[in-house]
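Asks:
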Amino acid sequence: MSKTPMTLPRRLGLFFELPTLCIIIVTMVALSWPLVVALRGCQGWSLVELWKPPAESEQSTSSESTLKEIEAEESLGSAENSEAGEDAESRAVGVLRMSPGLSPTVHPGPEPWSRTQTVTSPSVTRRTAGPLGKPTALIHIGPPKTGTSYIQRVLMASRDKLLGMNIVYYVPPVEGRQKPAHHFLAQPTRDQAAMTAFQDKLSEAVAKGQHVIVSSEALSLVSPKLISSLKSLFSKFNIKVVLTYRPFLGRTWSAYKQHLSTNNPRVIGVSFAEYYGKASRSGTDGAGLCGYAASNYIQGFGRDSVFILDFLGAQKDGDIVNMLLSAVDLPTFEEPLERVHVVPGLTSDQAVYFQMWHLFGKYMFEHHHCILEMPPRQMLAYKVDAMVKHHTMPKKCLDMEPMKKYALKMDANFRAAFGDRMLHFRPDLSDNETTHFEICELDHQIVRMDWNDSFEKHAEALLSNSCQKQEKR
Ligand SMILES: *[C@@H]1O[C@H](CO)[C@@H](O)[C@H](O)[C@H]1NC(C)=O
Ligand SMILES: *[C@@H]1O[C@H](CO)[C@@H](O)[C@H](O)[C@H]1NC(C)=O
378 MSKTPMTLPR RLGLFFELPT LCIIIVTMVA LSWPLVVALR GCQGWSLVEL
428 WKPPAESEQS TSSESTLKEI EAEESLGSAE NSEAGEDAES RAVGVLRMSP
478 GLSPTVHPGP EPWSRTQTVT SPSVTRRTAG PLGKPTALIH IGPPKTGTSY
528 IQRVLMASRD KLLGMNIVYY VPPVEGRQKP AHHFLAQPTR DQAAMTAFQD
578 KLSEAVAKGQ HVIVSSEALS LVSPKLISSL KSLFSKFNIK VVLTYRPFLG
628 RTWSAYKQHL STNNPRVIGV SFAEYYGKAS RSGTDGAGLC GYAASNYIQG
678 FGRDSVFILD FLGAQKDGDI VNMLLSAVDL PTFEEPLERV HVVPGLTSDQ
728 AVYFQMWHLF GKYMFEHHHC ILEMPPRQML AYKVDAMVKH HTMPKKCLDM
778 EPMKKYALKM DANFRAAFGD RMLHFRPDLS DNETTHFEIC ELDHQIVRMD
828 WNDSFEKHAE ALLSNSCQKQ EKR
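The sequence shown begins at 378 in my numbering and counts up one residue at a time.
(1) Please classify H745: does DSSP put it in a helix, a strand, or coil?
(2) According to DSSP, K773 sits in a beta bridge with which residue or residues?
(3) From Q822 to V647, what distance separates their C-alpha atoms?
(4) By a C-beta neighbour count over all protein chains shown, 10 Å radius and 16 as the cutoff for buried, is R417 buried or exposed?
(5) Exposed or buried, what is D537 when buried is set at 16 or more other beta-carbons lying within 10 Å of its beta-carbon?
(6) Which residues in the same chain as L749 place their Cβ atom closer than 6 Å to its Cβ, once the five residues preceding and following it in sequence are excluded?
(7) Is H801 a contact residue of ligand 2, with contact defined as CB to any heavy atom under 7 Å?
(8) What do you reckon, is the C-beta of M826 under 7 Å from a heavy atom of ligand 1?
(9) Indicate, with yes or no, if ligand 1 has a heavy atom lying under 7 Å from the CB of K834.
(10) Rounded to whole angstroms, what is the Cα-Cα separation between K585 and T513?
(11) What is the rounded straight-line gap between the Cα of N842 and the Cα of C747?
(12) My understanding is that S638 touches F731, with C-beta atoms under 8 Å, so please give their C-beta distance in whole angstroms.
(13) When you compare the region 618-625 with the region 512-531, are there three or more beta-carbon pairs, one atom per stretch, that lie closer than 8 Å?
(14) Any chance the region 687-699 sits against the region 710-726, with 3 or more Cβ pairs inside 8 Å?
(15) Look up Q755 in the DSSP assignment and say whether it is helix, strand or coil.
(16) Report yes or no: do the region 525-542 and the region 623-635 share at least 3 C-beta pairs separated by less than 8 Å?
(17) Quick check: the Cα distance between K445 and R680, rounded to an integer number of angstroms?
(18) Is it the case that the CB of L806 approaches a heavy atom of ligand 2 more closely than 7 Å?
(19) Take S491 and list the residues in its own chain whose beta-carbon comes closer than 6 Å to its own, dropping the five residues that flank it on each side.
(20) Figure out for me which residue from A728, I616, Y633, W630 has the closest Cα to the Cα of I675.
(21) Only counting the same chain, and skipping five residues up and downstream in sequence, which positions put a Cβ closer than 6 Å to that of L736?
(22) Please tell me whether, using a cut-off of 7 Å, the distance from the CB of E810 to the nearest non-hydrogen atom of ligand 2 is below it.
(23) Alpha carbon to alpha carbon, what distance is there between M733 and K766?
(24) Among residues of its own chain, excluding the 5 on either side of I685, which ones have a beta-carbon nearer than 6 Å to its beta-carbon?
(25) Does chain B have any CB closer than 8 Å to the CB of I645?
(26) Can you name the start and end residues of the beta strand (DSSP E) that F684 belongs to?
(27) What is the DSSP secondary structure of N640, reduced to helix, strand or coil?
(28) Is E743 near ligand 1 - that is, is its Cβ less than 7 Å away from at least one heavy atom of it?
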């Protein structure tokens, strides 16, 4: 054999062999959003208790550094944090198995919140006159892609400081693991040990007159029934719910990249242009999700108890953690805040590598009936680069105009419905972000048409155990 054909297979083989990847990919496959999809339609609550694992990431199209800092990969699927996501993922597997009918098909329909009253005034009632003497319970519900990972880690790292401010941020270990967030509260069947420990802590806080904070982006997806259960759980507190609204286009792009990096079936072999088409029909990855959460929590706790942070405006005004605290009149931290490590989301360039990987994986599945092991996130670009150089991959810059038009409309709808509850309200910043958005991605059309021969060559170079055979059904 000549030297050249040896090199590529070797390099590939080396990567593909990593045995731990096997475990990672199995858990990742689970990570999906079929659940969110089930949320569509105002009355379509039936499936909403299936919760979506946390997800958060970053987009690099915008050059704002503050954005980069707080937008972070929400740990799921990334090798560095695979531990944090495991429960969530395995639960998601369970959900998938139990609900074969759940598919990523979207159900077109009106936005769940579009029938709510239209209030355009941007003025905000910041002070909610709670019953005298009750401490505050700040329930931060995300949604995903709005800096939740960063917020949770800062709060966790600042527990002692918070206690000094008369605020408890207590997260019981769930199944032996300590996590910075309260995802267990969003699960229909709650971890009993964690719940008991948590309830004890709540009683203690009430007795001492301490405020409490809980945070989980999964709470943005729960059903009204589960929201009622939160009401009784925190009945001794003056409940204040905070969610963050992020412009539709930026959020959808960010969600897409997050799904790419976590091997979410919804995006495998699907370009952003195609994904956006679906998201815009369903609204699930953008304003629809925020609207769903906002209207449910308003219904559950009353309009005055729900506070909506404008993502870009809040960051302009300071650290998002402090903006969260001040939204409900809790004391804020002196800057600088604790430094926390958050895994940055994919850049646009990295996204292209992931797209190529997934198309190759799809090819392997369809032509060789096997599931390709996904390398750890930080290795993937390197690995794909060993196969295909970035500059040789066909790329396509999207026609943004229809996307922008739709996104601007979604954002305007959200403001019309909930503008009176928004803090740091800066529609100009949101619209400007959307107006300036540019996205270039892998040209899926060309790869689908012209790359099969090339994929076949790479397939031959794979080690036999790097693509797990599927049994015939
Ligand atoms: C290449 O493979 C993909 C994925 O299996 C398939 O959908 C597509 O039709 C193939 N393209 C051609 C031109 O054969
Ligand atoms: C609008 O967005 C662009 C691109 O993100 C940015 O360079 C510009 O400074 C923004 N303008 C305003 C007024 O925020």
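Beta carbons are placed, not taken as given, at the ideal position from N, Cα and C, and that holds for glycine.
Replies: By the coordinates alone:
(1) helix
(2) Looking at the DSSP output, K773 bridges to E818.
(3) Their Cα atoms are separated by approximately 10 Å.
(4) Only weak support exists for where R417 lies, its pLDDT of 32 falling under 50; the coordinates are left without a value.
(5) exposed
(6) G738, M741, C844
(7) no
(8) Yes, ligand 1 has a heavy atom inside 7 Å of this Cβ.
(9) Not under cutoff, so the answer is no.
(10) 12 Å
(11) Counting only the Cα atoms, C747 lies some 10 Å from N842.
(12) 6 Å
(13) yes
(14) yes
(15) helix
(16) Contact between the region 525-542 and the region 623-635 is absent, because fewer than three Cβ pairs lie under 8 Å.
(17) For K445, the predicted model reports a pLDDT of 37, less than 50, meaning its position is unreliable and no value from the coordinates is stated.
(18) Yes, since a heavy atom of ligand 2 falls inside the 7 Å radius drawn around the Cβ of L806.
(19) With a pLDDT of 38 at S491, under the threshold of 50, the modelled position of this residue cannot be trusted, and the question is left open.
(20) I616
(21) G646, V824
(22) yes
(23) 11 Å
(24) L620, Y622, F795, R798, M799
(25) Here chain B cannot be found, since the structure has a single protein chain.
(26) 683-687
(27) coil
(28) yes
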